[in-house]
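Step one of this worksheet: look at the structure below.
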């Protein structure tokens, strides 16, 4: 296809690749592959090394080891049989020159029976079991080595794919398999795309950078990752492609950082009488870490560049008081300050806590949330618009068109990852009023979720970072214990003894109501059980996210004042509740919670001087793989459940062995991956297909150093050595830059 209209040949629609018609193009489009370039970046998920194939006779040494092995065998027979409870299973008998084995499928039985042919040659991978003296693989992955009937005869398939080669194995969805996009067919399509369009691949990184980092050239890396000749070649090509992903991500962050600092900011006088008055009234002394962070924030506020700072502080580290003191500096300079929370519950809690601090020194914060009635909101919005309201606390309601600011100079965003990029941009734009002379407000982002350094450099790589890493004086470590469902009664007897001493207890459940799909105790049922049972002589209350705001506030107020002994709740109490007298946190079905959730929940206790406890009750049962197989219930789903159980135990072991939020976050990142770490996908960033923020820390540091150096020394990429980089960045990265500027 010509590029007469300026289109790069690699941006040619995938239908111009041989054997990709409209149906297959639609299937490719469903996984994000529209162009030849997209196809080139559809990386293999693993490789089949023909030099390390295991003979069937040698599989006995791998039985029940959990290791995945690969055999190359020919289909000798197939059958559908009925077994336990008349359940069907599909048996595929395969053999090599010496022996035979069975492959078993319990799902899609009729479909699986149709897709195999006798005499067909397969590469089969899976874990090996011994069933009554017969070698078996259950739900193995497989790859066709023999061509399908519609394969092109001009290719020597045996020579291409089956003679001493390393074969790429791609992820194949059910739709892809249905459309014949699997095994050798998929490999042939990728090969033909390279044959037709591979000459158009161009290097885009500067030669000096490639040489200094000892990288192979981009066209070679891309071709090699699909058709490698050695394991070493795979490693080098993947290293280069990982570097590219991280480099361009860091370039975006570099430009975002540069753009934010080019806008004129507000130079505040940081000697604040209001802040000094509040510090003198506090019943405690600031920690060394708090004083250090306040100095870092003050230096930013004094500068005429807008502050863009991330404040990380573990639960109970004192982020709120640091935030309030920073807002008072802005107020003393006759500017408004906003504190934005992701949920109404948190906004109300922040409003209550901040009001207690500010009302005695003559300041009355206002609260703006979506559930307020119109007649309640109107006077608040008017006070914000005329500037009489100096400290504003709210939620997404602050984005609404009816809300306008008079002279907004300081913005605090709590748990920023729970806001969309464009939402943050709208609030930032609202600050541009005639009263501010177009100067950008200072931005302080808070998170109580400790962020591993690699993830911080990615999600918040444009922000300066401050860390509150000191426990307030007098606070003891929370003792954490893991208990089984059989020990549950003893746990509640212990909790009742604490209540007798005048302490208070949290009991947290993962669901509000009974689910048909997930058999868990619901918070409502737990509340009724505890109220009528072991805590019948005490006051028990229920708190969950579906309650009205007034009811929620009333319950929290009574619990804080000691009028409620046991608070049964869902994770709405995860962040923001401070009750020093609460010393017991019981988490039911703890295996269902993420690590960061467990860490946040544990942080709700241990806020006073008394010893506190976090008790994790799990309902995991031992899993007997052999018994499951004999029942005919060893399926992909059962194996997935087993993996989930194992991850659940890792989470429980981790949370019970350390209180270090950053260690916990590192494990969490490994278990879930960066895409799920915060529960949302960050907008405006390219996807990392190969690079890992867990395993590629060194590469990330190198890419960040190189990208930031180029953005600083040649921001417009006008140097001759940056010409290819400029063309690539302008075409493929620049569209993302507008979104990343919204941070």
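Residue numbers (the numbering used here): 996 to 1738.
The beta-carbon is built from N, C-alpha and C at its ideal position, and this holds for glycine as well.
Judged by beta-carbon spacing, residue 1717 lies within the 9 Å limit of residue 1709, meaning their Cβ atoms are closer than that value. Residue 1289 has its alpha-carbon roughly 6 Å from the corresponding atom of residue 1317. If you look at residue 1106, you'll find it in the alpha helix (DSSP H) that goes 1104–1110. In the structure shown, residue 1309 falls within a coil segment according to DSSP collapsed to helix, strand and coil.
Counting C-beta atoms within 10 angstroms of its own C-beta, residue 1223 has 16 or more neighbours from the protein chains shown and is therefore classed as buried.
Counted as a single uninterrupted DSSP element, the stretch harbouring residue 1011 is not any alpha helix (DSSP H), since DSSP gives it neither H nor E. Look at residue 1281 here: in three-state DSSP terms it is coil, with no helix or strand label. By the neighbour-count criterion, in which a residue is buried when 16 or more other Cβ atoms sit within 10 angstroms of its Cβ, residue 1457 is buried.
Sorting 1133, 1075, 1579 by C-alpha distance to the C-alpha of residue 1063 places 1133 at the top.
Comparing C-alpha distances from residue 1047 to each of 1730, 1118, 1696, 1409 shows the shortest one belongs to 1118. By the beta-carbon neighbour count (other beta carbons within 10 angstroms, threshold 16), residue 1055 is exposed.
A contact is defined here as three or more CB-CB pairs under 8 Å, and the stretch 1377–1394 fails this definition with respect to the stretch 1298–1308.
The three-state reading of DSSP puts residue 1059 in coil, since its state is none of H, G, I, E or B.
Looking at the DSSP output, residue 1138 sits in a beta bridge with 1118. When rounded, the separation of the alpha-carbon atoms in residue 1663 and residue 1071 is 45 Å.
In the DSSP assignment, residue 1240 falls within the unbroken alpha helix (DSSP H) covering 1226–1257. In this structure the stretch 1261–1281 touches the stretch 1322–1332; the number of beta carbon pairs closer than 8 Å is three or more. Fewer than three Cβ pairs drawn from the stretch 1651–1658 and the stretch 1206–1224 lie within less than 8 Å of each other, which leaves the two stretches out of contact. Closest option to residue 1445, judged by alpha-carbon separation, among 1475, 1314, 1498, 1333: 1314. Residue 1002 and residue 1030 have their C-alpha atoms spaced approximately 11 Å apart.
The beta-carbon separation of residue 1401 and residue 1371, rounded to 20 Å, does not stay under the 8 Å limit for a contact. If you keep only unbroken beta strand (DSSP E) runs of at least 3 residues inside the stretch 1539–1588, you get 1561–1564, 1577–1583. Excluding residues up to 5 positions away in sequence, 1234, 1237, 1238, 1241, 1686 lie with their Cβ nearer than 8 Å to the Cβ of residue 1694 in the same chain. Relative to the Cα of residue 1319, the nearest Cα in the group 1250, 1359, 1116 belongs to 1359.
Burial state of residue 1182 is buried, judged by a 10 Å Cβ sphere holding 16 or more other Cβ atoms.
Put simply, the stretch 1169–1187 does not touch the stretch 1083–1099. Fewer than three CB pairs are less than 8 Å apart. With a cutoff of 9 Å on beta-carbon distance, residue 1681 and residue 1035 are scored as not near each other. Shown here, residue 1395 sits in coil according to DSSP, grouped into three states, outside any helix or strand. Residue environment for residue 1023: buried (at least 16 other C-beta atoms within 10 angstroms of its C-beta). Taking a contact as a CB-CB distance under 8 Å, the pair residue 1039 and residue 1213 does not count as one, their CB atoms being some 17 Å apart.
Here residue 1684 is exposed: its Cβ has fewer than 16 other Cβ atoms, across all protein chains shown, within 10 Å. Residues of the same chain with a CB within less than 7 Å of the CB of residue 1698, apart from the 5 flanking positions on each side, are 1238, 1241, 1242, 1245 in chain order.
The distance from the Cβ of residue 1537 to that of residue 1517 is about 10 Å, inconsistent with a contact at the 8 Å cut-off.
At a Cβ-Cβ threshold of 9 Å, residue 1364 and residue 1544 count as neighbours. The three-state secondary structure of residue 1594, taken from DSSP, is helix. When secondary structure is reduced to three states using DSSP, residue 1459 falls in the strand class.
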